[in-house]
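Everything in the sequence shown is counted per this note's numbering, starting at 36 for the first residue and increasing by one.
Glycine included, every Cβ here is placed at the ideal spot set by N, Cα and C.
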Amino acid sequence: MLRNSQIFGRNVQRALTFFSDQQVFVIRKNSFSFIHGNLTKNLDANKNEEPEKFTVYVHWPFCKQLCTFCNFNKYVRENVNHARMRDCLVTELKTLVKLSGATIVKSVYFGGGTPSLAEPSTISAILDTVSHLCQLDQDAEVSLEANPSSSEISKLRSFKAAGVNRLSLGLQSLSSKDLALLGRDHTAEESLRCLEIAKELFPGRVSIDLLFGRPGQSVNEWEKELQQVLVHSNRHVSLYQLTLEAGTPLYKSVKAGHLSLPGIDTMADLYHKAVQVLEGEGFHRYEVSNFAKHGSESRHNLSYWNGGAYLGVGPGAHGRFPLESNGTKTRFARIQTLEPNSWMAEVEHFGHGTRQSIPQSTSEVLEEILVSGLRTKNGVTNKTWSKFAGKDIGNLRDIFSSCQEAEEFIDAGLLELDDRGVRASSAGLSVIDGIIPHLALHLEHFLIW
Numbered sequence: 036m037l038r039n040s041q042i043f044g045r046n047v048q049r050a051l052t053f054f055s056d057q058q059v060f061v062i063r064k065n066s067f068s069f070i071h072g073n074l075t076k077n078l079d080a081n082k083n084e085e086p087e088k089f090t091v092y093v094h095w096p097f098c099k100q101l102c103t104f105c106n107f108n109k110y111v112r113e114n115v116n117h118a119r120m121r122d123c124l125v126t127e128l129k130t131l132v133k134l135s136g137a138t139i140v141k142s143v144y145f146g147g148g149t150p151s152l153a154e155p156s157t158i159s160a161i162l163d164t165v166s167h168l169c170q171l172d173q174d175a176e177v178s179l180e181a182n183p184s185s186s187e188i189s190k191l192r193s194f195k196a197a198g199v200n201r202l203s204l205g206l207q208s209l210s211s212k213d214l215a216l217l218g219r220d221h222t223a224e225e226s227l228r229c230l231e232i233a234k235e236l237f238p239g240r241v242s243i244d245l246l247f248g249r250p251g252q253s254v255n256e257w258e259k260e261l262q263q264v265l266v267h268s269n270r271h272v273s274l275y276q277l278t279l280e281a282g283t284p285l286y287k288s289v290k291a292g293h294l295s296l297p298g299i300d301t302m303a304d305l306y307h308k309a310v311q312v313l314e315g316e317g318f319h320r321y322e323v324s325n326f327a328k329h330g331s332e333s334r335h336n337l338s339y340w341n342g343g344a345y346l347g348v349g350p351g352a353h354g355r356f357p358l359e360s361n362g363t364k365t366r367f368a369r370i371q372t373l374e375p376n377s378w379m380a381e382v383e384h385f386g387h388g389t390r391q392s393i394p395q396s397t398s399e400v401l402e403e404i405l406v407s408g409l410r411t412k413n414g415v416t417n418k419t420w421s422k423f424a425g426k427d428i429g430n431l432r433d434i435f436s437s438c439q440e441a442e443e444f445i446d447a448g449l450l451e452l453d454d455r456g457v458r459a460s461s462a463g464l465s466v467i468d469g470i471i472p473h474l475a476l477h478l479e480h481f482l483i484w
C-alpha cells in the first residue's frame, strides 16, 4: 500500500517537470496577468455561473524535531518569527483568493510540518481572512494536525477558540519504543491523554494517524494495538504504511542492516488485519487509507479526491483551480516555494510565493481524477467525470468497456463498471495500486485515439 499522496504525487511531479521556474505573476489593479502565457483572470467574468465551493490548505512547515522516516517539506527552527509567518500566510491567501475568484469556502485544513506549533492567533487570522474575503460555509470543516505532546496538548482549547473544529492527531503508534525509533517527541501515555482531551473539546471530530509496517512489527502485536486504539478513538482512523524515503535516518539504518521492515507478505497481512478489525468495529473504508464511522469522513480530503478546486497556501503547498482565458477555463496545478525564508521574501515582494503554475490539459486532469477517485470506496462517478471530460470524451463505461484489463479485473471481482461509473470492490481496494496503472494507461491511449 502507498500513502495517500504517493501515486497522486508522482503524477503531479511528472507534470511539474515541464514547467519553468521563471514564470511568475504580476499583480495589477483588477486582473492577474500570467507573464509568459498571457493568461488573464477577469474577476467579473461568469457572474451568472453557480460558484464552485473551494477548500483551502495551509502549510505550517516547522517542527520541533524531525522524525526518522519523514521527508516532507518541514524544517526545525529554534526561533520562528510567528508574526512574519502569520502576515505572509494572510497575504498569500488574499492573493490566491483574488486570483482564483473563490467566493465560497467549505473547508480549511492546517497541515505540516506541525501546525499545532503555530500560535492560535495565526490560525484565527487566517480564518478571519477567509471569512472576510469569501463566504465560509456555516458548517465548514476546519481541521488542524497536531502532535500529542504535552506542550501542544495545552494549546488545544485555544485552537478551538480560534475556529478549529476538527483535530487530526499524529499518534503513529502506542508503543513508546517504536515512537522513539520513529523520532517522535511524545510517549504512548501522552498520546492517550491528548486523545481524551481532544474528544472532550471536539466531540465526534477527532481523527488519529497510525503507521504500520514498523521495524519488527508482527500481525498479532498490530491487532492488539488497534484494539487498544479503538477503546479511545471511535470515529476516524487513517492508516499509513511506513515507507523508506532516501536520505532519512530510518532509510540509512535499514540500508546499513541495523533495522529491517516487514516483508511484502507481512505488510499485506498487517493491512488486511487492520481492515478486518476496523470494519468489525463499524468503520467503513471510504478511501484506501481512511476509515470512519458514517458522518465522520474528512470532507476536506473527499473534495480533493473528487477533483474539487483548492488553494494551497504556505511554503511548498500545492493547489488546483481553474483560470479563464478567452472564455475558456484551464485548470492549473500550482506549487509554492519550498523553503520558508525564500517563500516569505517572495510573498513580501510579490504578494505570493508561487514557484510553479502549470496549465493542465484535459487528459492530465482526467488522469488525476481517475487516480485519486479510484482510491475511494465510491470510485469515480460519471457525474464527477462529466464536469471535467465534457460531452465529446464520453462516460466511463464508454471508455473502459473496451479495456481488456478492466474486463479481467471485473471478472476477478476486483472492479465494478456500470452506469454510475467505475469503482473498486472491497477486494479491489486492497490491491488498487496494481489496478490503477492499467486503467490510467488505457485512458491515455483512449484520449490519444
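Query raised in the report: CB Ser295 to CB Pro357, shorter than 8 Å?
Result: No. Outside cutoff.
Query - Cβ-Cβ distance between Ser142 and Ser338 below 8 Å - result: By the CB criterion at 8 Å, Ser142 and Ser338 fall inside the cutoff.
Requested in this report: Check each candidate in Phe104, Gly343, Val310 and name the one with the smallest Cα separation from Gly282.
Outcome: The candidate whose alpha carbon is nearest that of Gly282 is Phe104.
Query raised in the report: When the cut-off is 8 Å and only beta carbons count, does Phe318 lie next to chain C?
Result: In the structure shown, chain C does not exist; there is a single protein chain.
Query raised in the report: I think Pro155 touches Ala118, with their Cβ atoms under 8 Å apart; what is that distance to the nearest whole Å?
Result: About 14 Å separates the two Cβ atoms, so there is no contact after all.
Query raised in the report: In three-state terms, what does DSSP make of Asp220?
Result: Here Asp220 sits in coil by DSSP.
Query raised in the report: How far does the beta strand (DSSP E) with Trp490 in it reach, from first residue to last?
Result: Summary: the structure shown does not reach residue 490, with the chain confined to residues 36 through 484, and so no result is reported for it.
Query raised in the report: Does the region 424-440 come close enough to the region 318-336 to have 3 or more Cβ pairs within less than 8 Å?
Result: The region 424-440 vs the region 318-336: no contact.
Query raised in the report: To which residues does DSSP link Ala459 through a beta bridge?
Result: Beta-bridge annotation (DSSP): Ala459 is paired with Leu450.
Query raised in the report: Is Ile70 helix, strand or coil by DSSP?
Result: Confidence at Ile70 is low in this model, with a pLDDT of 26, below 50, so the placement of that residue should be treated as unreliable; the coordinate-derived value is given next. Three-state result, Ile70: coil.
Requested in this report: Might you give, ordered along the chain, the residues of its own chain that have their beta carbon closer than 6 Å to the beta carbon of Cys18, omitting 5 neighbours on each side?
Outcome: Residue numbering for the chain in the displayed model covers 36 to 484; residue 18 lies beyond these limits and cannot be assessed.
Query raised in the report: What is the residue span of the alpha helix (DSSP H) that Gln311 lies within?
Result: Per DSSP, Gln311 belongs to the alpha helix (DSSP H) from 299-315.
Query raised in the report: Across which residues does DSSP place Glu322 in a beta bridge pair?
Result: BP columns for Glu322 point to Asn325, Thr411.
Query raised in the report: Apart from the five residues on each side of it in sequence, which residues of its chain come closer than 7 Å, Cβ to Cβ, to Asp213?
Result: Same-chain partners within the cutoff: Arg249.
Query raised in the report: Roughly how far, in whole angstroms, is the beta-carbon of Met379 from the beta-carbon of Cys123, given that I think they are within contact range, below 8 Å?
Result: Rounded, the Cβ-Cβ distance is 5 Å, consistent with contact.
Report task. Out of Cys229, Gly136, Ile445, point me to the one whose CA is closest to Leu168's CA. Result -> From the listed residues Cys229, Gly136, Ile445, the smallest Cα separation to Leu168 is found for Gly136.
Query raised in the report: With a CB to CB cut of under 8 Å and the five nearest residues on each side skipped, what residues in its chain are close to Glu258?
Result: If the five residues before and after Glu258 are omitted, its C-beta is found closer than 8 Å to the C-beta atoms of Lys308, Val312, all from its own chain and listed in chain order.
**Report entry** Spatially closest choice to Ser242 from Leu265, Glu381, Thr149, by CA coordinates
**Finding:** Looking at the Cα atoms, Leu265 is the closest of the given residues.
Query raised in the report: What's the call for Asn182, buried or exposed, on a 16-neighbour Cβ count within 10 Å?
Result: With 16 or more other Cβ atoms within 10 Å, it is buried.
Requested in this report: Look at the alpha carbon of Asn413 and the alpha carbon of Arg455, and state the distance between them as a whole number of angstroms.
Outcome: Asn413 and Arg455 have their C-alpha atoms spaced approximately 10 Å apart.
Query raised in the report: Below 8 Å, can you find three or more Cβ-Cβ pairs linking the region 172-188 to the region 215-235?
Result: Touching, yes, given that three or more Cβ pairs across the two stretches are closer than 8 Å.
Query raised in the report: How long is the line joining the alpha carbons of Gln170 and Lys129, rounded to whole angstroms?
Result: Approximately 14 Å between the Cα atoms of the pair.
Query - beta strand (DSSP E) runs wholly inside the region 365-420, at least 3 long, in chain order - result: Here the runs fully enclosed are 389-394.
Requested in this report: For Gly239, collect the residues of the same chain with a Cβ closer than 7 Å to its Cβ; drop the 5 residues on either side in sequence, then sort them by chain order.
Outcome: Result list for Gly239: Arg270, Ser331, in chain order.
Requested in this report: For Phe444, collect the residues of the same chain with a Cβ closer than 8 Å to its Cβ; drop the 5 residues on either side in sequence, then sort them by chain order.
Outcome: Leu450, Gly463, Ile470, His473, listed in sequence order.
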